[in-house]
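Reading through the structure tokens given below for one structure.
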Amino acid sequence: MYSSLVRIQNTFGFFTTVAFVIAALIAASDFITPRAPSVGMLKTTNLQVVRGRPHYYSSKKEEYAIIKFSLDADLSSLFTWNTKQVFVYVTAEWPSTSTTGVTIASNATANQAVIWDAIITSPSADHLSNLGPAALKKLRKSAAGKAIDPSRGKLSLKNQRPKYQITHPSGKIAEMADVTLRLHYNVQPWVGVLTWNQGVDYGLWKQLSGGLSRKFTLPGLKKKEEAKKTS
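Residue numbers (our numbering): 1 to 231.
Quick look at the structure:
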């Protein structure tokens with residue numbers, strides 16, 4: 001009963017319990033920290049629809065939308081001493097049936113496609129960011145000695161080019177109506193569960209204020225005749 005193996009097992013079990021309790025307390029500490037993310041502006045600045053091939057060997061062309069946008073957002077309240085990084089992304093959304101007559105799968109309530117994303121690391125996780133040596137050195141210098149950097153999470157993008165062009169399984173997306181842009185975030189802590197942008201308030205955690213652009217309609221494709229006249 002009091003062999004060395006039993007004592008090792010008891011000691012290991014004790015430290016495992018202590019580690020689990022500490023981890024639970026660290027994760028619970030997030031709930032007593034206020035969160036109030038907000039978006040001051042999210043709007044499109046340029047819309048374009050082009051035709052292209054999905055891959056090199058494809059003989060069929062599809063329509064692709066290129067959406068440039070401007071964004072002013074304050075997500076700094078999402079960064080606490082337990083925040084590892086925040087994943088931010090912007091989606092284009094439109095209803096399952098467009099007023100232009102383009103019909104989309106009836107089993108889908110809405111269509112959503114990511115046009116831009118970014119990972120914002122906390123000062124304690126800057127070494128994990130995919131940056132060059134010069135940019136990483138500058139980032140570490142700006143956050144030296146800080147567990148929480150008040151400037152982290154403040155986004156100001158002007159006429160931002162999208163990272164991804166969007167299309168539809170039907171291959172047609174021109175003149176799509178009732179399209180909106182929406183900002184999303186995902187908080188990844190050092191210890192605890194992942195949290196996404198919430199639809200309602202949870203105590204000190206407030207839902208994202210703003211984050212939805214006005215509805216707009218994607219432009220149509222230019223006809224060859226019109227292109228010849230302008231050239």
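Each residue gets a CB set at the ideal place from its N, CA and C atoms; glycine is no exception.
Query                                                                                                                                                                                            : Result
Are residue 176 and residue 94 close, meaning C-beta to C-beta below 8 angstroms?                                                                                                                : yes
Alpha carbon to alpha carbon, what distance is there between residue 114 and residue 71?                                                                                                         : 15 angstroms
Can you check DSSP and say which residues form a bridge with residue 216?                                                                                                                        : 179
Around the Cβ of residue 103, are there at least 16 other Cβ atoms within 10 angstroms (buried) or fewer (exposed)?                                                                              : Low local confidence applies: a pLDDT of 48 at residue 103 is under 50, so the model's placement there is unreliable, with the coordinate-based value given in what follows. Exposed, because fewer than 16 other Cβ atoms sit within 10 Å of the Cβ of residue 103.
Residue 171: which of 63, 111 and 15 sits nearest, CA to CA?                                                                                                                                     : 63
Out of 73, 50 and 180, which one is the CA nearest neighbour of residue 217?                                                                                                                     : 180
Output the distance between the C-alpha atoms of residue 7 and residue 14, rounded to the nearest integer angstrom.                                                                              : 10 angstroms
Rounded to whole angstroms, how far is the Cβ of residue 183 from the Cβ of residue 73, which I believe are closer than 8 angstroms?                                                             : 6 angstroms
Kindly list the residues whose CB is nearer than 7 angstroms to the CB of residue 195, restricted to its own chain and excluding five residues on each side of it in sequence; keep chain order. : 187
Could you compute how far the alpha carbon of residue 16 sits from the alpha carbon of residue 10?                                                                                               : 10 angstroms
Mind checking residue 88: buried by the 16 CB within 10 Å criterion, or exposed?                                                                                                                 : buried
Hey, could you find the ends of the beta strand (DSSP E) residue 47 is sitting in?                                                                                                               : 38-52
In whole angstroms, what separates the C-alpha of residue 12 from that of residue 191?                                                                                                           : 21 angstroms
State the DSSP-derived secondary structure class of residue 138, mapped to helix, strand or coil.                                                                                                : helix
Give me the Cα-Cα distance between residue 206 and residue 153, rounded to the nearest whole angstrom.                                                                                           : 16 angstroms
If we count the other Cβ atoms within 10 Å of its Cβ and call it buried at 16 or more, is residue 166 buried or exposed?                                                                         : buried
Could you spell out the range, first to last residue, of the alpha helix (DSSP H) harbouring residue 24?                                                                                         : 4-29
Tell me where the beta strand (DSSP E) around residue 78 begins and ends.                                                                                                                        : Element bounds for residue 78: n/a, residue is neither H nor E.
Cβ atoms of residue 86 and residue 66: under 8 angstroms apart, would you say?                                                                                                                   : no
Could you pull the start and end residues of the beta strand (DSSP E) that residue 120 belongs to?                                                                                               : 110-121
Count the other C-beta atoms from every protein chain shown that fall within 10 angstroms of the C-beta of residue 149, then say buried if there are 16 or more, exposed otherwise.              : buried
Quick one: Cα of residue 68 to Cα of residue 160, how far?                                                                                                                                       : 5 angstroms
Mind checking which residues open and close the beta strand (DSSP E) that includes residue 155?                                                                                                  : 154-160
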